[in-house]
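Numbering (our numbering), first residue to last: 196 to 428. Think of the CB as a built atom: it goes at the ideal place given N, C-alpha and C, for glycine as much as any other residue.
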């Protein structure tokens, strides 16, 4: 049987293969967690370590402190500093839902993202149509729009912190700008992709500029733009 041949059979076979893939992933995950695990000493609370408040702390003192930990250790425990075990991850959900308020924070994050998308779309649509439909505006600002796509967004975080502070307004504005720099050229591109047959038809019928936008550009652009926004998400 060829490995490249398509898998045919009942849905139960596909289900078994899916379960097998999950089990293999968990086993590999567990093995890697054990490989990167470390034995850490449990130090008695009365052990005195070098203070970082004076100038005597150096590499030698830190090495001595580590040695002191091992000497005074009453027992050792295994820790997973790089990759936690799968069961530790699953058990952590109790703390996430209880102490860390996972659902409330997740809903708050979704609300911030929704506002960011709302403002980005609200700005991208009128600006995109203005740049895509008015040749004079396009000639004046096409260079600036193209330059926006190459801005390093992480380098601009300091500006947004200065303008909006560290509250939710800054997060929404930064997210909206990050979406806008990609969505604005997409709107212009979709306008350029409108089939000329429809434009010639409405021109022959004597449609005004607003009628052309309403009956040709808006339906054609929105149909594709919805998929673009979905992919961007």
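Residue 222 has its alpha-carbon roughly 42 Å from the corresponding atom of residue 365. Runs of the alpha helix (DSSP H) lying entirely within the region 341 to 366, each at least 4 residues long, are 352 to 359 in chain order. In chain order, 376, 377, 380 place their CB closer than 8 Å to the CB of residue 344, counting only its own chain and leaving out the 5 sequence neighbours on each side.
As computed with DSSP, residue 274 is found in a beta bridge with 233. One thing to note: residue 275 has its Cβ within 8 Å of the Cβ of residue 231. The three-state secondary structure of residue 420, taken from DSSP, is helix.
A Cβ-Cβ distance of about 7 Å is found for the pair residue 369 and residue 352, placing them in contact under the 8 Å criterion. In the DSSP annotation of this structure, the continuous segment of the alpha helix (DSSP H) that includes residue 407 starts and ends at 404 to 407.
Rounded to whole angstroms, the separation of the alpha carbons of residue 415 and residue 401 is 19 Å. DSSP, read as helix, strand or coil, puts residue 392 in helix. Judged by DSSP in its simplified three-state form, residue 295 adopts coil rather than helix or strand. Burial is judged here by how many other beta carbons sit within 10 angstroms of a residue's own beta carbon; residue 357 has fewer than 16 and is exposed. Taken through DSSP and simplified to helix, strand or coil, residue 375 comes out as helix.
Residue state for residue 333 is assigned as helix, using DSSP reduced to three classes. Taking the Cα of residue 362 as reference, the smallest distance to any Cα among 349, 289, 304, 391 is reached at 304. Judged by beta-carbon spacing, residue 394 lies within the 8 Å limit of residue 411, meaning their Cβ atoms are closer than that value. Comparing alpha carbon positions, the residue from 336, 315, 210, 278 closest to residue 228 is 278. Between residue 328 and residue 386, the CB-CB gap stays under 8 Å. Within its own chain, the residues whose Cβ lies closer than 6 Å to the Cβ of residue 319, once the five positions on either side in sequence are excluded, are 375, 378, 379, 382, listed in chain order. Within the model, the alpha-carbon separation for residue 215 versus residue 322 is close to 51 Å. By the Cβ-count criterion, residue 342 is exposed, with fewer than 16 other Cβ atoms from all chains shown falling within 10 Å of its own Cβ.
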